[in-house]
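Asks:
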Amino acid sequence: MAPQKSPDNDRIEAAKRKAAYRAGEEHFDSSMRFVGIGSGSTIVYGVEAIKEHLKKNPPPPNHMNWFVPTGWNSRKVIEEAGLLPIAFDSLPREAMIEVCFDGADEVDEELNCIKGGGACLFQEKLVACRSKKFVCIADYRKQQKRLLTNWPSIPIEVAPIARASVLRELKLLGSPDAKLREHSVAKSGPIQTDQSFYIIDAPFKTLLSPLDVKNGSDGSGKDGQWDVEALAARIKMISGVLEVGLFHGMNGDEAQAAGLQGGQKPVAVYFGMEDGEVSVSRAEEIKK
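Last residue of the sequence shown: 1358 (the working numbering), numbering continuous.
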């Protein structure tokens, strides 16, 4: 007997799809040369939306649309849609990615994100920071006031040789239950990223936002509670850490205004809601 579909799962998938189509409609254009494609189940719908857009609105004559994957899985999604992938390190030196579409595991009210549930955080951050803008697509479960509200931990990509020392340092920072992420079949060992690194999942108390700090909260971890930016910086300082799954700081618009290349935070997040609508949180509206 075939397994029955869950109404909850159907609702979640419909929400993801609707958010992806809205994001693509507002941020993708057939004349774009380089477009970043993130990882995860939500981005499947983003690629689907792009494919449909290109079918209805073909690119200009002799124009090629290239899609930059954030890992092996996203490359596979691009190829299966009949689109052209280009590896991040094959981009022309002076080229910018015009837009990057990606998901998130959790997003706070200032658009800071936790990413890395799919173990692609390093390449996701590379692509986001090479993009003029990062547009995030998510469903209603990912929208929270503060990070680490529902999502349990921060993914951290580490060199295999450093795993034990990183776990020890994380304990000193206030995460005694940090664990190496392993395959569900124990004998398969730790999950490895596309860089052949390991992932550590580190739980912490719910994170403060930069706004909390601006309003007088400490956020330095002295009482076990960190703010997003301080904790991300502190973990990144640990020897053996390649990248931290906290996307924070400037978005692409802010980075380019400051003379930089791109930013980690999204310029907008499209949340597919439970009622079938799409809620959009835009960086410029949050500032006001």
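From the three backbone atoms N, C-alpha and C, an ideal C-beta is built for every residue, glycine too.
Pull up the distance between the alpha-carbon of Gln1214 and that of Ala1208, whole angstroms please.
Replies: The alpha-carbon atoms of Gln1214 and Ala1208 are separated by roughly 12 Å.
Asks: Would you call Ala1089 buried or exposed, if buried means 16 or more other Cβ atoms sit within 10 Å of its Cβ?
Replies: Buried, since its Cβ has 16 or more Cβ neighbours within 10 Å.
Asks: Given a cut-off of 9 Å, decide if Ala1189 and Ile1269 are closer than it, judged by their beta-carbon atoms.
Replies: It is a contact, given that the beta carbons lie within the stated cut-off.
Asks: So, at 6 Å on beta carbons, what are the nonlocal neighbours of Arg1251 in its own chain, with the 5 sequence-adjacent residues on each side left out?
Replies: For Arg1251, where only same-chain residues beyond five positions count, the Cβ hits under 6 Å are Ile1261, Ile1269 and Asp1271.
Asks: Pro1336: buried (16+ other C-beta within 10 angstroms of its C-beta) or exposed?
Replies: Buried.
Asks: May I ask you to verify whether the stretch 1305 to 1314 touches the stretch 1229 to 1239, counting CB pairs closer than 8 Å and requiring at least 3?
Replies: Contact between the stretch 1305 to 1314 and the stretch 1229 to 1239 is present, because at least three Cβ pairs lie under 8 Å.
Asks: Which residues does DSSP list as the beta-bridge partners of Asp1209?
Replies: DSSP lists Gly1342 as partners of Asp1209.
Asks: Using a threshold of 9 Å, state whether the C-beta atoms of Ile1226 and Gly1186 are closer than that.
Replies: Cβ distance < 9 Å, so Ile1226 and Gly1186 count as in contact.
Asks: Can you tell which of Ile1113, Leu1240 and Pro1128 has its C-alpha closest to the C-alpha of Val1138?
Replies: Of the listed residues, the one whose Cα sits closest to Val1138 is Ile1113.
Asks: Within the same chain, show all residues whose beta-carbon is closer than 7 Å to that of Tyr1210, passing over the 5 residues directly before and after it, in chain order.
Replies: Taken in chain order, the residues that qualify are Ala1085, Phe1341, Gly1342, Met1343 and Glu1344.
Asks: Are there 16 or more other CB atoms within 10 angstroms of the CB of Ala1353, so buried, or fewer, so exposed?
Replies: Buried: at least 16 other Cβ atoms inside 10 Å.
Asks: Using 9 Å as the threshold, is the C-beta distance between Pro1155 and Arg1145 below it?
Replies: It is a contact, given that the beta carbons lie within the stated cut-off.
Asks: Does the CB of Arg1233 have a neighbour CB from chain C at under 9 Å?
Replies: Structure shown: chain C not included; a single protein chain is present.
Asks: Could you tell me which residues DSSP pairs with Gln1262 in its beta bridges?
Replies: Per DSSP, Tyr1268.
Asks: So, for Lys1202: in the same chain, excluding its five sequence neighbours on each side, which residues have a beta-carbon less than 6 Å away from its beta-carbon?
Replies: Only Met1166, Glu1168 and Gly1322 meet the Cβ criterion.
Asks: Using the DSSP secondary-structure output, state which residues sit across from Glu1179 in a beta bridge.
Replies: Paired residues: none, contrary to the question.
Asks: Kindly indicate the opening and closing residues of the beta strand (DSSP E) around Phe1137.
Replies: Here the beta strand (DSSP E) through Phe1137 covers Trp1136 to Pro1139.
Asks: Mapping the DSSP letters down to three states, classify Val1117 as helix, strand or coil.
Replies: Correct three-state label for Val1117: helix.
Asks: Determine the contact status of Cys1206 and Ala1338, defining contact as a CB-CB distance below 9 Å.
Replies: In this structure, Ala1338 lies closer than 9 Å to Cys1206 by Cβ.
Asks: With a 10 Å radius around its C-beta and 16 neighbouring C-beta atoms as the bar for buried, classify Glu1355 as buried or exposed.
Replies: Looking at its Cβ environment, which holds fewer than 16 other Cβ atoms inside 10 Å, Glu1355 is exposed.
Asks: Does Ser1111 pass the burial test, meaning 16 or more other C-beta atoms within 10 Å, or should it be called exposed?
Replies: Label assigned to Ser1111: exposed.
Asks: Using the Cβ count rule (16 or more neighbours within 10 Å means buried), how would you classify Asp1172?
Replies: When all chains shown are included, Asp1172 counts as buried.
Asks: Check this for me: beta carbons of Thr1314 and Ile1224, under 9 Å apart or not?
Replies: At residue 1314 the sequence reads Val, which differs from the Thr that was named. Contact: yes.
Asks: Following the continuous beta strand (DSSP E) through Ser1235, name the residue where it begins and the one where it ends.
Replies: Looking at the DSSP string, Ser1235 is not in any beta strand (DSSP E); the run it does join, the alpha helix (DSSP H), is Arg1233 to Leu1243.
Asks: Just tell me which of Gln1193, Cys1170 and Asn1182 has its CA closest to the CA of Asp1099.
Replies: Answer by Cα proximity: Cys1170.
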